[in-house]
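J.: Numbering (the working numbering), first residue to last: 1 to 161.
Don't be surprised by glycine CBs; every beta carbon is placed ideally from N, CA and C.
None of the values given here were measured: they were computed from a predicted structure.
Handing you a structure now.
What follows is the structure in structure tokens.
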């Protein structure tokens, strides 16, 4: 059975026993950034047969809702779990009156970029050198140094009543 639940992980410290926060580190290696997002947003965990498979953090900014963190366990990737979370985020954003749903990713995150575009997100902005300026240690993905951030956005329709 698949369930998506709103959860409240601890935000004053990080314990390796916290599965959700550890999962979020797959998307962002900086725990301080994850905890900041968790404090200002709402966390959702996707469970399959009681196993935490994927999760995301949603933050509301005026008329926009942003997915600030999203991750799927490596051995559960390419099975539709990320797409399922994106649909859930879209429904939540719509019902809360958001006009847009946005997500940011690295220019080297090919699989994530494909998933977002397949879900209807469109590239709206490139933040050059974001990762080289924000992260103290160089990041590498798909054999490339992570440098630029891509901002994608989806325009939302009114919820069907």
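(1) Residue 107 to residue 95, Cα distance in whole Å?
(2) Starting from the Cα of residue 88, find the closest Cα among 79, 151, 73, 67 and give me that residue.
(3) Which whole runs of the alpha helix (DSSP H) in the stretch 110 to 143 are 4 residues long or more, in chain order?
(4) In angstroms with no decimal places, state the Cα-to-Cα distance between residue 44 and residue 146.
(5) Can at least three beta-carbon pairs, one atom from the stretch 22 to 31 and one from the stretch 53 to 72, be found at a separation below 8 Å?
(6) Sort 30, 22, 42, 35 by Cα distance to residue 6 and report the nearest one.
(7) Check each candidate in 138, 86, 144, 129 and name the one with the smallest Cα separation from residue 121.
(8) Can the beta-carbon of residue 152 be found closer than 7 Å to that of residue 93?
(9) Kindly indicate which three-state DSSP category residue 35 falls into: helix, strand or coil?
(10) Should residue 65 go down as buried or exposed, given a rule of 16 or more other Cβ atoms within 10 Å for buried?
(11) Look at the alpha carbon of residue 110 and the alpha carbon of residue 77, and state the distance between them as a whole number of angstroms.
(12) Go ahead and label residue 102 buried or exposed: buried means 16 or more other beta carbons lie within 10 angstroms of its beta carbon, across all protein chains shown.
(13) Assign residue 116 to one of two classes, buried (16 or more other C-beta atoms within 10 Å of its C-beta) or exposed (fewer than that).
(14) With a CB to CB cut of under 8 Å and the five nearest residues on each side skipped, what residues in its chain are close to residue 148?
(15) Could you give the distance in angstroms between the alpha-carbon of residue 46 and the alpha-carbon of residue 80?
(16) So what does residue 154 bridge to, in DSSP terms?
(17) Tell me residue 54's beta-bridge partners as DSSP assigns them.
T.: Taking the structure as given:
(1) The sequence position of residue 107 within the chain shown is 107, counting from 1. The sequence position of residue 95 within the chain shown is 95, counting from 1. Taking the Cα positions, residue 107 is about 30 Å away from residue 95.
(2) Walking along the chain shown from the start, residue 88 turns up at place 88. The residue with the shortest Cα to Cα distance from residue 88 is 67.
(3) Correct list: 110 to 118, 130 to 134.
(4) As a first step, residue 44 must be located in the chain shown, where it is residue number 44. As a first step, residue 146 must be located in the chain shown, where it is residue number 146. Rounded to whole angstroms, the separation of the alpha carbons of residue 146 and residue 44 is 27 Å.
(5) The count of Cβ pairs closer than 8 Å, one atom from the stretch 22 to 31 and one from the stretch 53 to 72, reaches three, so the stretches are in contact.
(6) Here residue 6 is taken as the residue at index 6 of the chain shown, counted from 1. Among 30, 22, 42, 35, the Cα nearest to that of residue 6 is on 42.
(7) Position 121 of the chain shown holds residue 121. Checking every option, the nearest Cα to that of residue 121 belongs to 86.
(8) As a first step, residue 152 is located in the chain shown; it is residue number 152 there, counting from the start. As a first step, residue 93 is located in the chain shown; it is residue number 93 there, counting from the start. Here residue 152 is not near residue 93, since their CB atoms are 7 Å or more apart.
(9) Residue numbering aside, residue 35 sits at position 35 when the chain shown is read from its first letter. DSSP places residue 35 within a helical segment (H, G or I) once states are collapsed to three.
(10) The residue you call residue 65 lines up with position 65 of the chain shown. Residue 65 comes out buried.
(11) Translated into the one-based positions of the chain shown, residue 110 becomes position 110. Translated into the one-based positions of the chain shown, residue 77 becomes position 77. Straight-line Cα distance between these residues: approximately 13 Å.
(12) Here residue 102 is taken as the residue at index 102 of the chain shown, counted from 1. Flag for residue 102 reads buried.
(13) Position 116 of the chain shown, counted from the first residue, corresponds to residue 116. Result: buried.
(14) Locating residue 148 in the chain shown gives position 148, counting from the first residue. Contacts found: 106, 107, 126, 127, 128, 129, 130, 131.
(15) Here residue 46 is taken as the residue at index 46 of the chain shown, counted from 1. Here residue 80 is taken as the residue at index 80 of the chain shown, counted from 1. Those two C-alpha atoms are separated by around 12 Å.
(16) In the chain shown, counting from the first residue as 1, residue 154 sits at position 154. Under DSSP, residue 154 shares a beta bridge with 101.
(17) Counted from its first residue, the chain shown places residue 54 at position 54. The bridge partners DSSP lists for residue 54 are 46, 72.
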